[in-house]
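K.L.:
Dumping the structure here so I can ask a few things about it.
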Amino acid sequence: MACLLETPIRMSVLSEVTASSRHYVDRLFDPDPQKVLQGVIDMKNAVIGNNKQKANLIVLGAVPRLLYLLQQETSSTELKTECAVVLGSLAMGTENNVKSLLDCHIIPALLQGLLSPDLKFIEACLRCLRTIFTSPVTPEELLYTDATVIPHLMALLSRSRYTQEYICQIFSHCCKGPDHQTILFNHGAVQNIAHLLTSVSYKVRMQALKCFSVLAFENPQVSMTLVNVLVDGELLPQIFVKMLQRDKPIEMQLTSAKCLTYMCRAGAIRTDDNCIVLKTLPCLVRMCSKERLLEERVEGAETLAYLIEPDVELQRIASITDHLIAMLADYFKYPSSVSAITDIKRLDHDLKHAHELRQAAFKLYASLGANDEDIRKKIIETENMMDRIVTGLSESSVKVRLAAVRCLHSLSRSVQQLRTSFQDHAVWKPLMKVLQNAPDEILVVASSMLCNLLLEFCKTFIKAPSKEPILESGAVELLCGLTQSENPALRVNGIWALMNMAFQAEQKIKADILRSLSTEQLFRLLSDSDLNVLMKTLGLLRNLLSTRPHIDKIMSTHGKQIMQAVTLILEGEHNIEVKEQTLCILANIADGTTAKELIMTNDDILQKIKYYMGHSHVKLQLAAMFCISNLIWNEEEGSQERQDKLRDMGIVDILHKLSQSPDSNLCD
C-alpha cells in the first residue's frame, strides 16, 4: 500500500506549497491599489533568500502580473518601484528563474522604466537589469538591440552613485568583443566613466575600473585614448598604478593590473615602461602566491601569461621575480592533504575549481618558456614537471588539455629538451592520443607540437627506438587526414608535419606518406588558396625527392604528375618564394640518375629553366642554375649529350652573361 500512496503524497505536498504561495499572487489582482502595493511589499519580504518561494511564485504566474503593474501608467511610482525590486529578487535565484524572466520579456519592460523621471524607480530598474545581465544565461546582445539604450544609459551615469555602479557593471558584463567596445567607445564611455575612478564610493570605482579593463582588451583604439585621458590633472595610467599598490584591496590591484596589461599588449604602453616592469608585473607575480585565494591566483597567473607572452625581456624578469617558476609548482598540489582552508564551503568550491589552477599554471609556463632556453630548462627541471604535463594532456577538462598542449608546444621549441626530457617521457604517446577526435583549437596546437617532435626525430633519431612507434601508432594516416581539414591551420600543420617526417627519411616512410596522402590530395594541396599550405606542400615534395635512389623511385611511379604540377606552378601567378621552391624541386629531380631524363625530354620545362636563368630576381636565377648544374655533371653517364642539347638552346651564352653578375653567389 505504501508504494501506491507515494506519488499522491508528493503531489499533495507540492499543491500545499503552491497553495501557500498562491495568496501572494492573488493579492496582485485586488481592485484596491493600496492592497496591491501591500501585497507586492509582502511578496518582497517573502522571497528574500528563499529560492523555493521564488520558484513557486514564478510557476504561479507572478512575473507577467508584476511586469504589467510595472508598465501601467495608472500604477503609482511606489508600486512600480516595489515591482522592480521583487523582479530583481526573483532574478537573484537560480538560472532557471532568469530564463523565466527573459521569456516574459522583462528587459524591454525595465529599459522602458528607465525613461521615468523618478530616480528611485530608475535605480530599482537598473539594479534588476544588473542582476539579469550578469547572469550567464542572458544574451549580451539584448543590451544593444535598441540603438537608443546605450546613449540613455550614458546620460543616467550622472544621476547617482547607484546608477553609476549598476550601469558600469552592466557595461563590463555586456562588453564582449570589438563590436561592443566600438559601440560603447563611440557613445563616450571613456569620457563618461573616467571621472568615476575618483568617486568616494569604492563600488563605483571598482565597476569603473572593470569597465576600462574590458574596453581596453585587445583594442588599440581604446587603449591609445586611455593613455592620454586626464582625471583631476592626473593621467589614467598613473591612477591605475596607484590602484595596484599593496594597501589597496586585492580585487582593485588585480583589475588595475589587467587594465595596464591590456593597454601594454595593445601597444599603448611600452613593455619597458616602469609602470609595467616595476609595478604591473610584480603585482601580478604577487597574485600567484599561495596566500591568495584560488580565483585570485588563477586570474593573476593568466593575466601575467598574457602580459609577457610576446616579450622576451618581460619573460626573463618574471622568471626571476619571487621564485615564480617554483611558486607555480604549488598550483598542481592544491588542495594539499592538510589544507589551510577551514571553511568547508570554501574547500568544496576550491576542489571543484582546482583544475583552473592547473590550467593557469600551464598557460604561464608556456609564456615564460616561449623564447629563452635557460627558462625552459628551469621549468622542465621543476619537480615532476614533465609528468604533470603528460597528466594534463589526458585531463577531462578541454581547457586544461589545451593549456597543457600549449605548454608542451612552448617547451618543444628547445632542441635540447626534445632530445632529452621529451624522449625520456615519451610525450608522443599522450600527444597522439590527444590528436584523436580533439576539438580544432587543441588539434591546431597539438599538430604543431607534433611538427617539432617529428623534425627532431627525423634529424637526430633516425635509428632511435622513438621514431618507429610514433609512425606505427598511425601518425602518417592522422596527418594525411589533417591535410583534408576545412581549417587552414590544420592543413598547414598536417602537411608541415609530413614535410618534417620526410626529411632525411628512409624510402619506406616516403612511400607510406605518398600512399596515404595520394597523388590526388597532393595536387589539391598544390592548388590550395592558402599560401602556407602551398609552401609546405612544395617543401614536402622537396624532402620526398632527396637522395638519388629515392628520387628515381618516386619519379618512376609519380613522375608524370609531378612534372605537370611543377609546370602549372611555374606558369601561374605565384610569388618569388613559391617559384624558388618549385625550381629547387626541379634541381632535386635533375640530381636523379634516371629521373633527370624527365627534364631533358621535356622541352617546355627546359625553356622555363632557361627563362628563369635570365630572370631579374637573383633567388630564381640561382635555383635555375642549380638545375643546370645537376643536369651537366661530367662524371655522370650521358652528360655529353645533355651538355650538347643545352648548348644548342643557348644556355652557354646565358652562363657567360651571368659570370659577369655583381652577385658573388651567382657569379660562382
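Note that the sequence shown ends on residue 1158 in our numbering; no numbers are left out. Ideal Cβ placement from N, Cα and C applies to all residues, glycine included. Source: prediction; values computed, not measured.
(1) Return helix, strand or coil for R1087, following the three-state DSSP convention.
(2) Hey, would you say R866 sits closer than 8 Å to L901, going by beta carbons?
(3) Mind checking whether the beta-carbon of L699 lies closer than 7 Å to any heavy atom of the ligand PLP?
(4) Kindly confirm or deny that the region 1063-1071 and the region 1034-1044 touch, where touching means at least three C-beta pairs closer than 8 Å.
(5) Given a cut-off of 8 Å, decide if R903 and N942 are closer than it, judged by their beta-carbon atoms.
(6) Quick check on this structure: which residue in L818, L1110 and S1129 has the alpha carbon closest to the alpha carbon of D1081?
(7) Our contact map puts I1095 next to T1057 with C-beta atoms below 8 Å; I'd like the distance itself, whole angstroms only.
(8) So, at 8 Å on beta carbons, what are the nonlocal neighbours of C573 in its own chain, with the 5 sequence-adjacent residues on each side left out?
(9) In the DSSP assignment, the alpha helix (DSSP H) including H843 goes from what residue to what residue?
(10) Just verifying my parser: in three-state terms, what is the DSSP assignment at V721?
(11) How close, in whole Å, do the beta carbons of P626 and E585 come, if the pair is a contact with beta carbons under 8 Å?
(12) Within 10 angstroms of its Cβ, does I932 collect 16 or more other Cβ (buried), or is it exposed?
(13) Roughly how many whole angstroms lie between the Cα atoms of M753 and S703?
(14) Could you tell me if K953 is buried or exposed, where buried requires 16 or more neighbouring beta carbons within 10 angstroms of its beta carbon?
(15) Among the residues of its own chain, which have a CB less than 6 Å from the CB of Q1071, if the five just before and after it don't count?
(16) Which residue from D812, R836, H899 and N1078 puts its Cα closest to that of F852?
(17) Using 10 angstroms around the beta-carbon of A816, count the other beta-carbons present and answer buried if the total reaches 16, otherwise exposed.
(18) Roughly how many angstroms lie between the CA atoms of L495 and V537, to the nearest whole one?
(19) Quick check on I952: does DSSP put it in helix, strand or coil?
(20) State yes or no: is the beta carbon of L837 nearer than 8 Å to at least one beta carbon in chain B?
(21) Please classify Y692 as buried or exposed, where buried requires at least 16 other C-beta atoms within 10 Å of its C-beta.
(22) For H1107, tell me which candidate among P1152, K1135, V719 and Q743 has the shortest Cα-Cα distance.
(23) Which word fits D1138, buried or exposed, when buried means at least 16 other C-beta atoms lie within 10 angstroms of its C-beta?
(24) Near S662, which residues of its chain fall below 8 Å by C-beta distance, leaving aside the five closest residues on each side in sequence?
(25) Let me confirm a value: D636 is counted as buried when at least 16 other C-beta atoms fall within 10 Å, else exposed. Which label applies?
(26) Mapping DSSP to helix, strand and coil, what is A928?
P.N.:
The relevant details are as follows:
(1) Translated into positions along the sequence shown, residue 1087 becomes position 597. Here residue 1087 is Glu; the residue named in the question, Arg, does not match the sequence. Helix at E1087.
(2) Your numbering for residue 866 matches position 376 in the sequence shown. Your numbering for residue 901 matches position 411 in the sequence shown. Yes; because the gap between Cβ atoms is below 8 Å, this pair is in contact.
(3) Within the structure as shown, the ligand PLP is missing, as the structure has no ligands at all.
(4) no
(5) Locating residue 942 in the sequence shown gives position 452, counting from the first residue. Locating residue 903 in the sequence shown gives position 413, counting from the first residue. Taking 8 Å as the Cβ cut-off, N942 and R903 qualify as a contacting pair.
(6) By one-based count along the sequence shown, residue 1081 stands at place 591. Of the candidates L818, L1110 and S1129, the one whose C-alpha sits nearest the C-alpha of D1081 is S1129.
(7) Start at 1 with the first residue of the sequence shown, and residue 1095 comes out as number 605. Start at 1 with the first residue of the sequence shown, and residue 1057 comes out as number 567. The Cβ separation is near 7 Å, so the contact holds.
(8) As a working mapping, residue 573 is identified with position 83 in the sequence shown. Excluding positions up to five away in sequence, the list reads V530, L556, L557, L559, L560 and S565.
(9) In the sequence shown, counting from the first residue as 1, residue 843 sits at position 353. Note, H843: alpha helix (DSSP H), I834 to L858.
(10) Counted from its first residue, the sequence shown places residue 721 at position 231. The answer is strand: DSSP assigns V721 an E or B state.
(11) Your numbering for residue 626 matches position 136 in the sequence shown. Your numbering for residue 585 matches position 95 in the sequence shown. Confirmed, Cβ separation roughly 7 Å.
(12) What you label residue 932 is simply residue 442 of the sequence shown in a count that begins at 1. Buried, because 16 or more other Cβ atoms sit within 10 Å of the Cβ of I932.
(13) Taking the sequence shown and counting its residues from 1, the one referred to as residue 753 is at position 263. Taking the sequence shown and counting its residues from 1, the one referred to as residue 703 is at position 213. Using only the alpha carbons, I get a separation of about 9 Å.
(14) Sequence index remark: in the sequence shown, residue 953 carries index 463 (1-based). Any reading at K953 needs caution, since the residue's pLDDT is 44, under 50, leaving its predicted position unreliable; the model's value is listed next. K953 is exposed by the Cβ-count criterion.
(15) By one-based count along the sequence shown, residue 1071 stands at place 581. Counting only Cβ-Cβ distances below 6 Å, and skipping sequence neighbours, we find L1028.
(16) Walking along the sequence shown from the start, residue 852 turns up at place 362. Checked all of D812, R836, H899 and N1078; the closest Cα to F852 is H899.
(17) Locating residue 816 in the sequence shown gives position 326, where the first residue counts as 1. Looking at its Cβ environment, which holds fewer than 16 other Cβ atoms inside 10 Å, A816 is exposed.
(18) Translated into positions along the sequence shown, residue 495 becomes position 5. Translated into positions along the sequence shown, residue 537 becomes position 47. Note that L495 scores a pLDDT of 32, beneath 50, so its modelled location is shaky; the value from the coordinates is reported in the next line. Going from the Cα of L495 to the Cα of V537 covers about 32 Å.
(19) Within the sequence shown, numbered from 1, the residue matching residue 952 stands at position 462. In this predicted model, I952 has a pLDDT of only 43, less than 50, meaning its place in the structure is not dependable; the value taken from the coordinates is given anyway. Of the three classes helix, strand and coil, the one that applies to I952 here is coil, per DSSP.
(20) As a matter of chain content, chain B is missing from the structure shown, which is built from one protein chain.
(21) Counting from 1 along the sequence shown, the entry for residue 692 is found at position 202. With fewer than 16 other Cβ atoms within 10 Å, it is exposed.
(22) Position 617 of the sequence shown holds residue 1107. Checked all of P1152, K1135, V719 and Q743; the closest Cα to H1107 is P1152.
(23) What you label residue 1138 is simply residue 648 of the sequence shown in a count that begins at 1. Flag for D1138 reads exposed.
(24) Locating residue 662 in the sequence shown gives position 172, counting from the first residue. Cβ within range, chain order: Q697, K700, C701, S703 and V704.
(25) The residue given as residue 636 occupies position 146 in the sequence shown. So D636 counts as exposed.
(26) Stepping through the sequence shown from its first residue, residue 928 is reached at position 438. A928: coil per DSSP, three-state reduction.
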